[in-house]
Structure formats: C-alpha cells, structure tokens
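Chains as they are written, first to last, in this note's numbering: chain A, 22 to 472; chain B, 22 to 472; chain C, 22 to 472; chain D, 22 to 472. Note that beta-carbon positions come from the ideal geometry of N, C-alpha and C, so glycine has one too. Here is the structure we will look at, set down as structure tokens.
Number of protein chains: 4
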Amino acid sequence: MCGVFGIFGHEEASNLTYLGLHALQHRGQESAGIVSSNGQALNLFRDMGLVADVFTAEVISKLEGKSAIGHVRYSTAGVSKLKNAQPFMVTYAGGQLAVAHNGNLVNSDALRRSLEQSGAIFQSDSDTEAIIHLIARSKRSTLEERVVEALSQVQGAYSLLFLSEKKLIGVRDPFGFRPLVLGKAKSGYVLASETTALDLIEGELVREIDPGEMVVIDEDGVHTSRPFAAVRKGRCIFEQVYFARSDSTLFGLSVYETRKKLGIQLAKEQPAEADLVIAVPDSGVAAAIGYAQQSGIPYDVGLIRSHYVGRTFIEPQQSIRHFGVKLKLSAVRATLKGKRVVVVDDSIVRGTTSRKIVKMLKAAGAIEVHLRISSPPITWPCYYGIDTPSRKELIASSHSIEEIATYVTADSLAYLSQEGLGTAVNDPSAATFCTACFSGQYLTPLAVAPQ
Amino acid sequence: MCGVFGIFGHEEASNLTYLGLHALQHRGQESAGIVSSNGQALNLFRDMGLVADVFTAEVISKLEGKSAIGHVRYSTAGVSKLKNAQPFMVTYAGGQLAVAHNGNLVNSDALRRSLEQSGAIFQSDSDTEAIIHLIARSKRSTLEERVVEALSQVQGAYSLLFLSEKKLIGVRDPFGFRPLVLGKAKSGYVLASETTALDLIEGELVREIDPGEMVVIDEDGVHTSRPFAAVRKGRCIFEQVYFARSDSTLFGLSVYETRKKLGIQLAKEQPAEADLVIAVPDSGVAAAIGYAQQSGIPYDVGLIRSHYVGRTFIEPQQSIRHFGVKLKLSAVRATLKGKRVVVVDDSIVRGTTSRKIVKMLKAAGAIEVHLRISSPPITWPCYYGIDTPSRKELIASSHSIEEIATYVTADSLAYLSQEGLGTAVNDPSAATFCTACFSGQYLTPLAVAPQ
Amino acid sequence: MCGVFGIFGHEEASNLTYLGLHALQHRGQESAGIVSSNGQALNLFRDMGLVADVFTAEVISKLEGKSAIGHVRYSTAGVSKLKNAQPFMVTYAGGQLAVAHNGNLVNSDALRRSLEQSGAIFQSDSDTEAIIHLIARSKRSTLEERVVEALSQVQGAYSLLFLSEKKLIGVRDPFGFRPLVLGKAKSGYVLASETTALDLIEGELVREIDPGEMVVIDEDGVHTSRPFAAVRKGRCIFEQVYFARSDSTLFGLSVYETRKKLGIQLAKEQPAEADLVIAVPDSGVAAAIGYAQQSGIPYDVGLIRSHYVGRTFIEPQQSIRHFGVKLKLSAVRATLKGKRVVVVDDSIVRGTTSRKIVKMLKAAGAIEVHLRISSPPITWPCYYGIDTPSRKELIASSHSIEEIATYVTADSLAYLSQEGLGTAVNDPSAATFCTACFSGQYLTPLAVAPQ
Amino acid sequence: MCGVFGIFGHEEASNLTYLGLHALQHRGQESAGIVSSNGQALNLFRDMGLVADVFTAEVISKLEGKSAIGHVRYSTAGVSKLKNAQPFMVTYAGGQLAVAHNGNLVNSDALRRSLEQSGAIFQSDSDTEAIIHLIARSKRSTLEERVVEALSQVQGAYSLLFLSEKKLIGVRDPFGFRPLVLGKAKSGYVLASETTALDLIEGELVREIDPGEMVVIDEDGVHTSRPFAAVRKGRCIFEQVYFARSDSTLFGLSVYETRKKLGIQLAKEQPAEADLVIAVPDSGVAAAIGYAQQSGIPYDVGLIRSHYVGRTFIEPQQSIRHFGVKLKLSAVRATLKGKRVVVVDDSIVRGTTSRKIVKMLKAAGAIEVHLRISSPPITWPCYYGIDTPSRKELIASSHSIEEIATYVTADSLAYLSQEGLGTAVNDPSAATFCTACFSGQYLTPLAVAPQ
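Printed below as a string of structure tokens:
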C-alpha cells in the first residue's frame, strides 16, 4: 500500500509533488519522501510520518529543480523503518537514479538471493532495491533499455517511477495491478497513482498508463512504448472496493460510482428488513447510499468518524480496554435508537473491528443490526501490494458466514457475490481484474503456496 | 471556542481526561492541558497542539491522582500563545486552584481594569484570569462561597470547572450559553462540555447542569446549588447548528437530529429544482440528509473531506493560489457531472469559502448549484465564546442575499428563517436560546456597541 | 544561581541579549528567556534549556524593539519547571512589566503568606513573583517609586532588572550580595551580572552598580539614586571563589587574579611535599597555577574536562556505576604516573565528587594525592542565591578535616583559612563580603534557623 | 575525522558502545550510530548530532545483544548527510554485515568507477561503501577471507570495524595511519580508536593493533593475523599534534607527554622575550606548559574556552561581525594587561582564527604577542582522513612566515621544525610517521596531484 507521484518540467516540481503526495496520503501514512532533479543532480529527503509533518518550507526549497518524484508508504512487509522509506536514490554507472514503487514483487526472494550470490548488497528490506540492482547491472546503454531489461526479470505488481538527472520514467506491470495515470499541469507532465492528485494541483488527466506500458518524459516530451506484452488485465479490484480515494477515476471508472453500484447490487442480492441504512465511514458511504437508493430504506448517519485520530494513543490501564475503534468512530444515538439498521462496510478482514462496530451500534440503541459487505469474503492474502494478513487471520478463510455473523454479533450478515462485484465494474466475469483475494486465483506464479 | 472535561474519584483520572479531551478536540485545536490532584497537591501540563501530540504516556503518568480537569482551546481573543493555554493553576490563600473555562465574559475589560487598580497582576490575556483574582480576593471561607462571590461580579458566558486539592466544582452561567453535562464513569463523577466525551470513556450521562447551577463534587458525593437565578435561558443556538459534535446530546436535544430537522425545515421553506442534494462535510451532512428526505431529491456525496489536513501547508508560490479549501475538500466528478445540485452548508461567514466550494462544484461538472444554508444569515458577532469576525467581515451584515449569491457564484442561495430555526429546536420563538448572531439581540449588556 | 542581562536603546537589543545570556550561561543552564520592548508593548519568549537551544533566529526576530532583558536560571528552590523560568511578564495598573531576578529573598514565605491573605494569586514557586505583586499593589505613580516601595518590604539578595514599555531599571540590594554592572554598547546601555557579557558584545564597562543603588535608563539617559542605605557591604565571596567566570571583573576585582591569589595564599598556608600541582578544571585552574608559582612545584595537567557533557546520560545497569564524574573528567596517566600530586579544587560540598577524583588520580598512577581547597570549609547553607545543600549534606558541617581526608581517600587535605581568603580579596577581615557559608554569620535575619 | 568503537561478548554491549563513542566525541560531532548483534541478527540506529542527543534509553534498549560497533563522524568529504552516517549495515550473500570506518581511501574514485561498471549501486558518498561491495563480491567463503580480499584492492587509510551476527573484526591499514587499540572490559573484548574510550568504560588496554593486522573476535576468543605486509609505518603525526584526546596513549606514546615535549622543543628552537606563556585552549595547553617549563617564563591562563558553544549561533546583523572565535574563547584581561605574551597553538590552517586570537589578546591589554606553533607549517592537504583544506586555502602553502606573522598581526611568529617534531615523538627522522601535511611526501600514490 503505497502512492507515487512524479512531475517533469514544472518550476515548482517539489512543491507540487508535496501536494500530490498529500492527496495520496490515504495510500500510505508511515513515511514520505521526495527526490528532485535540477538537471544536473538529484536531491533526496524522506522521513517517517505524514507528508505535512515530514516536509517543511525549508526542506522543500532545497529540493530544487524542475522534476521530482515522491512516495508515501505503508509497509507491505511488516517491517517499517526509515531504511525502507522511498524514494530510493543511488548512483550507478549511468549516473544518479531515484525510484518510487507501488506494488509488490512475487519473485523478490529469488531475485535477492540470486543478486546476493553475484555480490550485491542490500541496505533495505524492500523488493524495490532488487529492481535497482538489475538496472545497474544491465549492460544496455540507455536508462530506458536498462529498465526494460531489469523489469523483464521481475514478476508481480509494480507501478514504478524512475527519475534521473534528465528523465522521468513511469512503468506499469503487464497485469496493471496498481493504477498509474498521466496528467498535465501547465508546462509539466505528471504521473500519479490516482487522479485525485491531479485535481489538487489543478492539473488535467491525459490518460491512464496501460498495463505493460512505459512512458519516458524528457525535454522532448512524452515517449511511449509497450515493452511488456499484457497477457491479461489484472487490475486490483480492491482499489475500487476500498483502497483508492472515492473522488478518483481509476481504471477508467469513477471509484465513487463503482462503490455506489456495489451497494445497489448488494441491495438487490441481499435485501434486509430495516428502518435505515448507515455506512461505516468513510469507505462504506458510497455503497450505503447505493444500498439505500436501491432498497428504498432511508440512508442516515449512524457512525461519525473523528478528524483527530493520532496513531499512538495512551490507553487506560484498567477501566477501558481495546479502544481503537472508539477513538475513530462514534455512534449517533438519535439515529439508531429503537431502529433496525442495515450497516454497510466494504470488507471484513479479521472480524474484530466489525464486532466492535456492531456492539457500538447496539449499545447506542439499535434493535437489529444487519451487516452488509459490499464485496465477497476475503479468503486469500494479497501478494500484489495490499496489506492483508495470512489465511489464518482472515476470518472468512476458516469460518462460514453464519459463524462470522455470530462472532460479530450481527442479526444478519451478507456479502456481495463475485458476480455482483463483476457487474458493478462492468465486467461480469471480472476478466480484466485481479480478484485473487476473493477467489484464490492468483495471476502470477507464487514463490510459496499462499498461507 | 473551547472544551472542558473534569473527573473526580477515578483511579485513572488523568488518562480519562486525556481521552475526554480527545473527544472534545473539535471544540479547540490550538492548545491542550490537564491539571490533576492527588488529594494533596495539583500537577499541571499544558502545551500548544492537539491532545494526541501534547500528551505522552510519561506526562500522563506524572499527572497523578484521582481527580483532574482538562481544557482544549481555540483562542477567542485572536492572540494565541502558551501563556493563554488552560487550565490555569495558581496558589492563593485557600491553597491550590486550577480552572478551565469555556465561554467569554462581556465585562472582562472593566473587571481587569478594576482589579489592576487594586493591585492585581495579569500573566495572560485571558478573561479567565480575572475570575481567579476575584476568587482569591473573596473574604469567604470556603472555595464554593468564594466562587459564588466571584461569579456574581461577572457577566457573560461561562461553563467553568474548578479543581482544588479536594474538590471538583462545575458552574454554568445563568443563561446557560455554553453546554455542561454531569456524568458517571464507574466510581467517578464527570463534568464535560458534551456527551460525546462520556461516550468515549464508557461513562453514562446523569443530566445536564442547569443554567445558573453549581455542582460541587468531593469525597461525600455531588452537591448541587443554584446560586445564580436564571433570568432566561440563552443556550447558544450555534452549538446546535455547527459547533458541537453531531453525536452529542446538547441542551437535551440530539445535535444530529436537530441538524436533520434544520434541513427538513430548510427544504420546506426553500425548495429547489435539482437532481441531487449534497452536503459540505462534515457539519452540513445531517441537514443535507434532512433536506433530501423532505424534498425527495436524492442525497449523494459530492464533496469529500480529507483526513490529513494539517494546519500549516507549504503553498506553491506561482502556479496555484488560495489553496485552503482544496486541501480539505475535493469534488466527486462522477456524482456532479451534468447535475443540478443543492449543496447544504450550516452557515456563511465571510463568503470566501462558499465561493471556492461553488466554483469547485462547477469545475467538477455541476450545471447548477443551489446553495442552501441551514441557519439564518449571520449578521452580528458573538461575544459569548464563538469566534466570529466583526460585522465588517460578516458578508451578510452588509450584503443582500442576492448580492451574496452573486459573490459566491451560486445559481440560487437561500437561508433558513429564524422561525424555522426555532421550530427545529422545538422552541418556535427561540425564547430559550441565544440567537444574537442572527438577530443582534444580545442577552447581556455589552461593554461596547457591536461592530 | 542565575544570570541577568538588559539593554536599552540598541537596534539589536534581543540579539545582544541572546549573546549576553550565552556569556552568562555558566550562571544557570536550566532555562533561558528574553523579554523585549518595542516602545509600545513587551514580547516574551522563554523555555527550558541552554540559550543556544532555546532561541532560534525566528524567535529572536519576533522579539522586536530597542530594549530587552534576559535571564538564565538554575533553580534555587529545587523545583524546576517552565512556570518558574524568567523573565516574568505581567500587565498591571501601570502597563506591562517584565522582571529578571538574580538572588534569593529570605522573607519570601512571609511575604507570600501576607500577599495571599490579601487576595494575591501565585502562578510560580518563585520569590520573584512576590516582588511583582508588591509593585502592582503600590499606590505610587511612577514605576521607580513603586519599585522602591516594593523592595523596601523585601529582605535578602537581589540584583533585579525591570523592563517596561519605556524604561529599563536595575536595582541591587543594600548588601550587594549578587553582582551587577553597567556598561555601554554603541548607543545602548547595558546591565549585566558579569563583565564577560560586555566583552562578548564588544561593549565597555562603565561601572559596577552600588549596593542599594537603583539605575533607571530611558530615552533621557541613565538616572541613578540610592533609595536603600547600604548598612554594610555583603558581596558574595563564593562568586569570587567559584561561581563567576574567571575572565570577569567582579566587585572591582579580577576573578582570575583573585583565584590565583587564593592559590598563592593556600601554598603559603598549606604547603605539601609533591612533584607536581594539578587543578580540578576549570574553576580550580587559576588557584592551582597560583599554588604552583608560590610553592615552586611544577604546574601540570592531570585532569581533562570533556567538552561534550550532556546533562542526561544513559548509565550502564550492571557493570559500571556512579558514572557522573568520569563523563566530565578524565585523568592523564602520563602526567600522574608515579608522582606525588597536589590537586587544587575550589571547594568541597558533599565530598562525593572529591572522593571520585582522588580515586581516579590514584588509578591513573599517582602515588600520593594531596588535596588543597582554595577556600575554607563550607559548613553553612546559602540563603542568598547559591544552591548549597542543607548542613546535613555538607560534609564539613559534621566531619573534621581528618575525617574528610579519610573519606575522600586523600593522603592529606587542607583548606585555605578565612583570614587567607580575606587577604586574597584585599579585605583581610572580609568585612565587605558575605562569608556566611564558611562562618554561619548571616547578614540578614533568617525566617528559620539554618539547617 | 571519525572515531570507532566495538565490543564483543559483553551483556551491555550497546550501552558501553554509547559511552565509548561519547569518549571519542572529539573525533566527530556530526553524526553517531551503533549496530548491535544479538547473535542472530543486527540492529542499527544512527542519526545526525552528538552521541548524547542521538541516543535515548529506549533506543539503546532496542540495540540488544552482546556485541556492537559504533561510529562518530565528521565528514571528510564535505557533504554531510544522514545517508553518510555510519555504521553502514547491509545484507549480502554471507548474511548481515555492519562496518565502521576511520580513515580515507585514496583510490576510492577508481574503485567506485570500476564497481559501478560492473553493476554496483551506491547509496552514499562514502568510500566505505566500496569496501562493502568488494566484500560482498568476493568469492571466498569466510568473512575474514572476504575482508582480506576486499582490502587488498584498497589503498589509503583505514581503521575498520566489521560486525556480523557472530563476529567482530578489526583491521588497520599497512601504514597504520589511524589508531586502533584492543582492550578488555570484563568478559568482553573492545576495539577502539583511542585508549580514552577504554578508560571511560573501566576497561584495560591490551595492546595496539599493528599496521596491517586483522583481529577476529568470536566466541572462541581473539584471533590475529597479518594479511597485509606493512611496507613502512605511516602513523599520522597530526593525531599526536592536535586530533587525539590528550589523555589517550596513541602509537605507544602519551599524547599529553608528546605535546608537552613539542612545547619544550619549540622553546629550545624558538625562544622569545616575554613575561608569560599562555595556550590556545584546549589543544595548545600541554605544549604551552612545556614551553614555559623549558623557557622559564611563567605559564598562565590568558584565554578561557566556553563550555557552551553550540554549533549554530544567531549573529547580530549590524553591530558585531565575525563572531565565531569570541563565542568559544575569551581573553583574561588581568593576566594579559601590560604583558609581553608567548601564545602557543598547535597549528595554523587558514590563519583567520590566529588573527582573531592575536587581536583579542591585544585588545585585552597584551603589549606584545609572540605566536609559537608546536608543529611545522601545514602546506599540503591530508588525503588520509584529516579534514584539511586545499593548498589554496592553507596560508603556509603560499606565504612566508613573515607574511603570515603580518597577517595574524603577531609581533613574532615561529613554528617547530620537522626535526624538532621528530625528536618529540622519539623518531628524529619521523620515519615511522606520515608527515605529508608538512612535507608533501605522501606515502601512497594519489589519484590526482595534491592541490
């Protein structure tokens, strides 16, 4: 779970990258970094924390030049330290190079082992470092050729930005797991994980980068090529369901509209007798509105999300325990009291949060709670960049829907079907999406069997 | 704009105060402080910043004892410095005393002048310090008597908490401008600005403190008295409209429900031909849902609020200006495109934010924007604790509704009537509320004519 | 233990105050603060820490105006918190007032009790706050008259700076316990604890402020008066022996020269058979050089002081304990090996440090260690501003010199006599100095008998 | 200019490393870092700043295990950023490896170019990273063999510590430019740049590591080998003259004693008619005492060094300029007034500091200032790890002694001869030292001609 942003040919490159990263902050809150190029040399700053905390005006002013790339990160590997913060910046035979990566490789252990055998050293735990080694070891003469040669040895999910002294390069893997769009901001070209970053800097969307496509942006403009034949589109369905910001257009679809359609479809498949429909904010709101519209049951606000949730809270030792959800969400008694409630959420992972939410709703007076999930049960871990736990921890891997309903103390529980999901994204068989987390049908070979 | 929280007789007094302040964070984001009592002596910690940033586990552990009071502050006086952060803590003839104040006095300048003439020194710009002087100068023997004598010389808005080595005292001014509730958390009694703080710490609401009431909590329990005869209730209507958190119960009314009724009433009074109703999040959501329900026009999400809005952002120098609203709100194109939109907000102050919102909606494709405000035009400044600007800056003080509509570039603009407002709060003539910001009818004499 | 610095009529008032405080940093390392006046209003900044850490260029730039006072503090009261950091700044009937205090009052408890009885509140633990109350309560019309009236009720040690919008005032108590000098820096007048602060800012010494004298500096220049008749001079002998910086001229005496004379006198009184003389750096260096010159025994460096001693060190848990002195001082084996050493220090307080030093010297190879102290035994606590412990902790209060020698494991131990001390400061009977710490003859009544 | 410390087999490895680095703080103040091993895995923490500021008790507690290495750094390359802070820590085919380096390679550019040609990436500007690449690329099976193979390709100055999961390795280059000693602390073995680090942790010196020697410390004890034949000893003379701490024993010589001998020799070669001898503290003190003893002119303190010099000071804009030296040193008027003064310093680099010191002494009343330097003129830059500027900036490269005397405004100026220097270190022809900075006779080939 990461976000990337790059810009080429704009007087305020690092400042716009900073704003672009802020717009992508939902994709990663653990570290943030920017590398800029002044045409001669690269400069890097990165640190743990939110974009607004990591960068000061003084730091931004030192990230000089007309091109830049940036990264926000939420560790996919569980280890989260400064050494893993991106962008990475190195020197190699071709000069300086910075890289920002969204996604996750599936053959990184093998790559790493092989690179180490031939003398490579690794300073991070990140699979991205293997890509840099492959580029540096390529015997090709141009950066573009080196990138292509390197990525041809790599399997898995990647939307990658590279910055050299003179060029900005964007590449998307042949399956197109992670999003990447091309935009324009005045004289400059932009590459970003989501369109919301373009909106914030008042840029315009040009188009989505295709799966398997590489774009090279330099003084002469944008050059495109398709070095990696796309076997089949494998766009991450979970970006639509939960991860992307709902004002983005992703894979050509409005995320908000998609989520609303998920709710409409869910209402068709899994109706409920109830007095009102509420959402688990914020990602469940669109689906809840769709559910309400389709079902005719009024939509209302039953849960409020705090704007001030810090990441470290000092918990009481004795009187109150397991505070997490309460700090983030609170129930609206006036809405809930004496009501039969449909509550719409996007997914259930371990079930613990859903359990707390249902209990909170009942404590606030709801007499029935019908939990509706706007996607199928998550039964398989993601190896392509979404931070899901192992099967053992995924409640739906080992429990029936009835068992889950009992655990979360809901009066009823129902999920959207896989067909319903496909219908909502205009691809009934979901042939252009990766749905491995629901189906277990991974699009690439995996290094080890999923656990 | 401040929030107060106090607790007496609980093993984890300072920790619960910390959590209570977090729940009241929307009432003030500039500074936070806690004073605890271990029965012998008081301990204070306060600093600039959010509750979660000001307090560490180490600091909380040093705030020992079974009683505590806390405060979050947004400067009502424009000057915002550490010296004005509350609680204040002093020693005086009666021992140690801490105070936390929500509200604003209208005779503080006169009091201050008079106190200074008789030799008092002031270390802050806050009107609260005058109250402490009056208490210290009282010849009465008990703290309760001193507090009553002091407050009898004071005019204006106050919900006050006092903490001594042995007692927690809460007082609300005779008009009851600012809220204050009594709750219970296990063995301990709680006083808080809003019920949402009770919910977070899993306490229960006992009742609202009455206008003019004083409660004294000590080892023997809760003692109540009504030393200040309430002339007339003057509960701040703006707490209901905008300021309080919507999951709170305030003045006996569910804030969420009130806001929804405001929307319903607004739809009755000010209908619009449109395809959908959207809210300016978060305070406009309840009213927008009410408007949608009453009008039959579908409710949808047209604006999304960022979770990561820091207070200081590094703005681009050349390419983009006037960024503020865009960092906080973004428009959902899929919802808005080609649509006639009713957008519901709670109020218009200067008009600049509304103008940016309307422009943002049109840039995202809305073909008509009908702005509906769920309260009457704000034409007078508040002297009772809400931070509104002078009449010169209040756009409705000097412009007609048509002129405002033109300025904000809305296709139509309409406000809720004062009668409609009264109806929504079950008090058609608003005889138990202060509506001075709408009507100019101030409930107390003012030191100077409103400007 | 504190230092004060003030300047009036200089374009860079706050910057020079910052530098002056840096020069006085040895007088207090716990907190630092500056108040400046732009002629209309005062501005304050203070925080815990060293001068160089507390102030940034941005903070200094906000402390605008042509006059300023500053303060460095080492708590005399044992409690050390931000609320006690000086300068204090208040508003009162006469306008704004800031105060910086070096010294300690002996009737502060009584003053405080009396002020509290008449309604005063205290926000700090500092005795300085009582002085401000007395000024504010004075019925006199000018600040000068108020200050005189206030200080006439006060007993003890004070070198005080007051800053109002238009004036800088300096006052020294009738005994002249603590130093205070008047200087000039270009167009501006300076008041400072020591001449070293003048040297750093390239100012010149005008003269010492007399005991009992008040100087008022305003647009018309320097006005002097002597409102407090000096009964008898009581200049702190310990400033000369240990506390002041050795490059300062204090009470008309070069501190360095005085300390050297102490060493000369000590050699006369307490010779030793030895191979070399070393100092406990830095305060013992001048006396050691004097001792060496007089005795003819070569001076050498046997102990080195670290430049990087932070105040909080993480000590090993098991293998090494009682680290303090080793982090600050290290022994030079080459100098010490096989030698009989005279080690000169300025004083012994508890004896624990001396014991560690002697052991360190012997571990480094010294075969005999003769400890010579360049002042008489400290047997009484100071109530005038030096932070000495109670009699119980002062080793010389309850132990003979032989017992102390045994405790510190020295082969011999000898102190300078009181007569020798007087001789070194050109006042054989020490009639113009306070020597209470050596003699127990306090110059003022004390609130309680010394313990 | 760097310091290294390592320990193997001690329960408090990271805590003792922290203390050891504190003792070596004079060797580098810009960054500090520690890597520990718990036998299974390495842990790293490093940051910009002083040892006491970089490490907290929490950080130390996370650096678990019985072995550790640490590093303090002052950039030799001019670029100083976190990425260059050491130790470096990597994974490679052999597992995990950390390295800490004191010294400077002379063929690092060529090595880097060659490594980059074969595909290596560099994440720092440090020459140390090249060594790690060479180790990782070695086909040898053990770490020891890899280290030897790697270092056989390297030219220049290095005292290196390596830490793997199971071993601590120390190596010194064949010339022995930089110091490295072996010590013992209870059950553990220690490697450190200087003996002062051993003294602080109450360890004992075992012996100096020989030029060209490698020691490997593991569970079985200390294993030594001499893989690199020492052509000729080239111990850095400047460590003795200036860089090392004077309480250390370095290259078998007491640094303090050496410096004193330099002063004695200087007095023989370059007498002066004067009333007293003073030092530029702290590094000039030993030589000044030697000069005084030899010449019979009394030693005294004429300059005092501040304990509170921070690295960033806010300078006045108008009234005072060129502040640097004044913040660090102040003159003692009482000592200097009317005196003819010999002032002893260890070296002159650019001449600007000496000029300020001479002016300061005269401003304090000295009537003659005779500057004596306890080493020959520095005329060539160091490529072996001391941060000297280019020839253009070295005043003695382009000016005669008379010209320098005129520039620094001294009444006379004289340097120690090269022969005198050799005599003081018991090696009259300096055949076992590197004196390139004085002679231009570099012991290794250089990549480019010295400039």
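Lys360 (chain D) sits in coil when the DSSP states are folded into three classes, being neither helix nor strand. Just so you know, the alpha carbons of Lys207 (chain C) and Lys87 (chain C) end up roughly 12 Å apart. Contact note: Gln61 (chain D) does not reach chain A at a C-beta cutoff of 9 Å; the least C-beta distance is about 15 Å. With a threshold of 8 Å between beta carbons, Glu389 (chain A) makes no contact with chain D.
For Phe143 (chain C), at least one C-beta of chain B is nearer than 8 Å to its own C-beta.
Put simply, the CB of Val236 (chain C) is far from chain D, with every gap to its CB atoms at 8 Å or more. Here the region 375-382 of chain B makes contact with the region 343-353 of chain B; the two share three or more CB pairs at distances below 8 Å. Look at Val75 (chain A): its C-beta is not under 8 Å from any C-beta on chain D. If you ignore the 5 residues before and after Asp303 (chain B), its C-beta comes within less than 7 Å of the C-beta of Arg326, all in its own chain and listed in chain order. For a cut-off of 8 Å, the C-beta gap from Gly91 (chain D) to Ile55 (chain D) is around 4 Å, short enough to register as a contact.
The beta carbon of Val111 (chain D) sits closer than 8 Å to some beta carbon of chain A. The DSSP-derived three-state label of Asp408 (chain D) is coil. When DSSP states are grouped into helix, strand and coil, Asn123 (chain D) belongs to the strand group.
The beta carbon of Gly70 (chain D) sits no closer than 8 Å to any beta carbon of chain A. Ranking D:Asp366, D:Asp194, D:Asp68 and D:Ser58 by CA distance to the CA of Asp239 (chain D) puts D:Ser58 first.
DSSP places Asp239 (chain A) in the uninterrupted beta strand (DSSP E) bounded by Met235 to Asp239. Counting only residues of its own chain and dropping the five nearest sequence neighbours on each side, Ser411 (chain B) has a CB closer than 7 Å to the CB of Pro402 and Gln472.
Secondary structure remark: continuous alpha helix (DSSP H) runs of at least 4 residues inside the region 280-341 of chain C, in chain order: 306-316. Contact annotation: the region 101-113 of chain C does not touch the region 450-458 of chain C, with fewer than three C-beta pairs closer than 8 Å. Under the three-state reduction of DSSP output, Asn64 (chain A) falls in the strand class. As computed with DSSP, Tyr436 (chain B) is found in a beta bridge with B:Ile394. Per the DSSP secondary-structure output, Gly177 (chain C) pairs in a beta bridge with C:Leu126. In the DSSP annotation of this structure, Met381 (chain D) is not part of any beta strand (DSSP E); the continuous alpha helix (DSSP H) holding it starts and ends at Thr373 to Ala384. Counting only residues of its own chain and dropping the five nearest sequence neighbours on each side, Thr270 (chain D) has a CB closer than 6 Å to the CB of Thr216. Pairing Val469 (chain D) with His154 (chain A), the inter-Cα distance amounts to about 30 Å. Taken atom to atom, the span from the alpha-carbon of Tyr329 (chain D) to that of Asp74 (chain D) is near 15 Å.
For Leu226 (chain C), the enclosing beta strand (DSSP E) stretches over residues Glu225 to Glu229. For Lys347 (chain B), the closest Cβ of chain A is nearer than 8 Å.
Beta-bridge partners of Gly24 (chain A) (DSSP): A:Val93. Under the three-state reduction of DSSP output, Ala206 (chain B) falls in the strand class. Straight-line measurement puts the Cα of Asp241 (chain A) at about 56 Å from the Cα of Ile425 (chain D).
Asp321 (chain C) sits buried, since 16 or more C-beta atoms from the chains shown fall within 10 Å of its C-beta. Neighbourhood of Pro319 (chain D) in chain C, by CB distance below 7 Å: Gln314, in chain order. Sequence-distant Cβ neighbours of Glu290 (chain B) in its own chain, meaning closer than 8 Å and more than five residues away, are Ala435, Leu437, Ser438 and Gly441.
For Thr409 (chain A), the CB contacts under 6 Å within the same chain, skipping 5 residues up- and downstream, are Pro402 and Cys403 in chain order.
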